[in-house]
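Structure first, then comments.
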Amino acid sequence: MDAQMRRALLETCVLASLRGGDSYGYRIVRDVSQYIAVTESTLYPILRRLEAAGCLTVYSEEHNSRLRRYYAITNTGRAKIDEFLAEWEEAMRVYAYIRGTAATTERSETP
Amino acid sequence: MTKAGFLTKLTDALADLPTAEREAALAFFTELLDDRIEEGMTEAEAVESLGSFREIVASLHEDAATTQPSAPHAQTQAERGESNRPEPRSFVTQNRPRTIELTDTNCAVEILPSPDASIRIDYDVTRWVTVDISCDDTRLIYTAKEIFHVFHFDVISRKPTRLYLPADYLPNLEIRTGNAKLSAADVSFDSANLKTGNAAINLCRLTTNNLTAKTGNAAVTAEHITANLLKLTTSNGAINTAHCTADSLLLKTSNSAIKTEHCTANTINAVTANGKNTAEHITADVISLTSSNGAVSLGNTTANDITLKTSNAHVTAILPGSIADYRIESKTVNGKSSLPSHKAKGEKSLNVTTSNGKIDVVFAEDM
Chain V
1128 MDAQMRRALL
1138 ETCVLASLRG
1148 GDSYGYRIVR
1158 DVSQYIAVTE
1168 STLYPILRRL
1178 EAAGCLTVYS
1188 EEHNSRLRRY
1198 YAITNTGRAK
1208 IDEFLAEWEE
1218 AMRVYAYIRG
1228 TAATTERSET
1238 P
Chain S
4 MTKAGFLTKL
14 TDALADLPTA
24 EREAALAFFT
34 ELLDDRIEEG
44 MTEAEAVESL
54 GSFREIVASL
64 HEDAATTQPS
74 APHAQTQAER
84 GESNRPEPRS
94 FVTQNRPRTI
104 ELTDTNCAVE
114 ILPSPDASIR
124 IDYDVTRWVT
134 VDISCDDTRL
144 IYTAKEIFHV
154 FHFDVISRKP
164 TRLYLPADYL
174 PNLEIRTGNA
184 KLSAADVSFD
194 SANLKTGNAA
204 INLCRLTTNN
214 LTAKTGNAAV
224 TAEHITANLL
234 KLTTSNGAIN
244 TAHCTADSLL
254 LKTSNSAIKT
264 EHCTANTINA
274 VTANGKNTAE
284 HITADVISLT
294 SSNGAVSLGN
304 TTANDITLKT
314 SNAHVTAILP
324 GSIADYRIES
334 KTVNGKSSLP
344 SHKAKGEKSL
354 NVTTSNGKID
364 VVFAEDM
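Note that the protein sequences, when read in sequence, are chains V and S. Quick note on numbering: my numbering labels position 38 of the first sequence as 1165, and the sequence is numbered without any gaps. Quick note on numbering: my numbering labels position 367 of the second sequence as 370, and the sequence is numbered without any gaps.
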């Protein structure tokens, strides 16, 4: 997959994983990697970029006598998800078309 | 590799990154390792599960490079005065950098609330002092340097350098000065590392995650602070802490008294030598007061785990409840003791040690 596309997908995927509620590093990696390959090294810069863009905020809370960093989605982050979904509506239509032409060609090529 | 080994290796590999970036990355990976270890992995397994070390370091460097400040957003200011008399200057910005690094010398520093939404630094320059300021989206750096330390009657001291912080802004503060007072009041921040020497530190009405304040040969006073970690260190100076709420309260000095009152914390650890160590009206899970050659006393304190330790001095305490509530280890030599040296059963833990001094610990319900 194209690197830029992958990055955009990952960023929005991380935001989506926060929509249901605040989460933390390890859990985000686990949740998101069910759908797309992501490691800690990839996740960390994404979280930093999303925070710099105002799409999420970070806070610390105690967990088993150590401090854990939690990430929470912001309204800007929610707007970014909606933007992503709207952009991809078009992409999905194009995908369906391409898929459709591939099927038609197959049919016409069968003797 | 052990967790500590990995983190040390990572710290070294990130030595060229700015402090704030490096610490943020370390905190992130420490947390990930802790989570995996909590799930049952060994340290070695957790470290291995993070993947290629080289990839981690490369992606962190790449990330730091792409979040580099872009010139248009940066403000810089370089000043030098023209006379021996201090001339006032100001720096104002609407930026919200994550970190503020303020380094001054022989000049007091005060951290105060801003009257408006801007960050502001009021400072003096003289012919012998240059001040460099740079500010972008991630960092505000103020550095005042004495070109030449002048011991001259004509030279008038600079007024305290004042850093004004707007509300709803939680930066990381790195503040350093020398031979001059450091004070902060009525502000909130994410974390602060305050350092001076040979001068007092005064802290009041602050809200933060971590606050570390260090000086030497002078007192530290903290009142009405809410923090996760509150760590106060000095030598040859008293530490007075009152009305503070913290997860961890760590107080350390020597040759001076420590007094802690009306504080609530999970853990309180107060250490001194050659000085009294007193705590009153405390609510804590674990509290430990240590001294040598100084009396230790505890009053009106509710805690589950109490350690009182000194030598060549008395230990005095009035504890809530009755002796039945506490399991006890106590020891003194050449001194009367009101406690049994060993009592196995009790919900709370009490550990008292001294020598050449008496132990006078009584329980409110038994009196």
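The beta-carbon is built from N, C-alpha and C at its ideal position, and this holds for glycine as well. A quick note: this is a predicted structure, and the numbers were derived from the prediction, not measured.
- prompt: Contact between the stretch 266-278 of chain S and the stretch 329-342 of chain S: three or more CB pairs below 8 Å?
  reply: As far as the Cβ criterion goes, the stretch 266-278 of chain S does not touch the stretch 329-342 of chain S, which means the pair count is below three.
- prompt: Can you list the alpha helix (DSSP H) stretches of 4 or more residues lying completely in the stretch 27-91 of chain S, in chain order?
  reply: Listed in chain order, they are 46-52, 56-69.
Cα-Cα separation, Lys339 (chain S) to Asn243 (chain S): Distance from the CA of Lys339 (chain S) to the CA of Asn243 (chain S), rounded to the nearest whole angstrom, comes to 30 Å.
- prompt: What residue ranges within the stretch 233-298 of chain S form continuous alpha helix (DSSP H) runs of no fewer than 4 residues, ordered along the chain?
  reply: As for any alpha helix (DSSP H) of minimum length 4 sitting wholly inside the stretch 233-298 of chain S, there is none.
message: Taking 7 Å as the limit between beta carbons, can you name the residues of its chain near Glu149 (chain S), skipping five residues before and five after?
response: So the qualifying residues of the chain are Thr108, Asn109, Trp131, Val132.
- prompt: By how many angstroms is the C-alpha of Arg101 (chain S) removed from the C-alpha of Val1185 (chain V)?
  reply: Those two C-alpha atoms are separated by around 12 Å.
task: Compute the distance between the beta-carbons of Gly297 (chain S) and Lys279 (chain S), then report whether it is under 8 Å.
output: The answer is yes: Cβ separation under 8 Å.
- prompt: Measuring CA to CA, which of S:Ala61, S:Ala216, S:Arg39, S:Val318 is closest to Ala230 (chain S)?
  reply: Closest by C-alpha distance to Ala230 (chain S), out of S:Ala61, S:Ala216, S:Arg39, S:Val318, is S:Ala216.
message: Output needed in chain order: residues of the stretch 1192-1224 of chain V with a Cβ under 9 Å from some Cβ in chain S.
response: Residues passing the 9 Å Cβ filter: Ser1192, Arg1193, Leu1194, Arg1195, Arg1196.
message: Bridge partners for Gly302 (chain S) per DSSP, in chain order?
response: According to DSSP, Gly302 (chain S) bridges with S:Glu283, S:Ile321.
- prompt: chain S partners of Thr1184 (chain V), CB-CB under 9 Å?
  reply: For Thr1184 (chain V), no chain S residue has a C-beta closer than 9 Å to its own C-beta; the minimum C-beta separation is roughly 10 Å.
- prompt: Hey, is Asn303 (chain S)'s beta-carbon within less than 8 Å of any beta-carbon in chain V?
  reply: Put simply, the CB of Asn303 (chain S) is far from chain V, with every gap to its CB atoms at 8 Å or more.
Pairwise C-alpha distance: Phe9 (chain S) and Thr357 (chain S): In this model, Thr357 (chain S) and Phe9 (chain S) are separated by some 41 Å (Cα to Cα).
field: Residues in the stretch 194-222 of chain S having any Cβ partner in chain V nearer than 8 Å
entry: Against chain V - using a Cβ distance shorter than 8 Å - the residues of the stretch 194-222 of chain S are Asn212.
query: If the cut is a Cβ gap below 7 Å, which residues of chain V does Glu332 (chain S) touch?
result: Here the premise fails: no neighbours, minimum Cβ distance about 24 Å.
query: On the three-state DSSP scale, how would you describe Ile1163 (chain V)?
result: DSSP places Ile1163 (chain V) outside both helix and strand once states are collapsed to three, so it counts as coil.
- request: With DSSP as the reference, please indicate the residues paired to Asn307 (chain S) in a beta bridge.
  value: Its beta-bridge partners do not exist; DSSP assigns none.
Contact check, Tyr1198 (chain V) vs Leu1174 (chain V), beta carbons under 8 Å: The Cβ atoms of Tyr1198 (chain V) and Leu1174 (chain V) lie closer than 8 Å to each other.
field: Closer than 9 Å at the beta carbon, the chain S residues around Glu1239 (chain V)
entry: Outside the shown range of chain V, which is 1128 to 1238, sits residue 1239 (chain V), and nothing can be said about it.
message: One question on the structure: do Asn1191 (chain V) and Glu41 (chain S) come within less than 8 Å of each other, judged by their Cβ atoms?
response: Judged by their CB atoms, Asn1191 (chain V) and Glu41 (chain S) are nearer to each other than the 8 Å cut-off.
- prompt: When the Cβ atoms of the stretch 203-216 of chain S are set against those of the stretch 176-188 of chain S, are three or more pairs found closer than 8 Å?
  reply: Taking a contact to require three or more Cβ pairs closer than 8 Å, the stretch 203-216 of chain S and the stretch 176-188 of chain S qualify as touching.
task: Return the chain-ordered list of same chain residues with a C-beta closer than 8 Å to the C-beta of Leu232 (chain S), the five sequence neighbours on each side being excluded.
output: Within the same chain, Leu232 (chain S) has close Cβ partners Asn212, Asn213, Leu214, Thr215, Ala249, Asp250, Ser251, Leu253.
message: Suppose you measure from the CA of Gln1161 (chain V) to the CA of Ser1187 (chain V); what does that come to, to the nearest Å?
response: Using only the alpha carbons, I get a separation of about 26 Å.
- prompt: For the alpha helix (DSSP H) that Leu13 (chain S) lies in, which residues bound it at each end?
  reply: Element bounds for Leu13 (chain S): 6-16.
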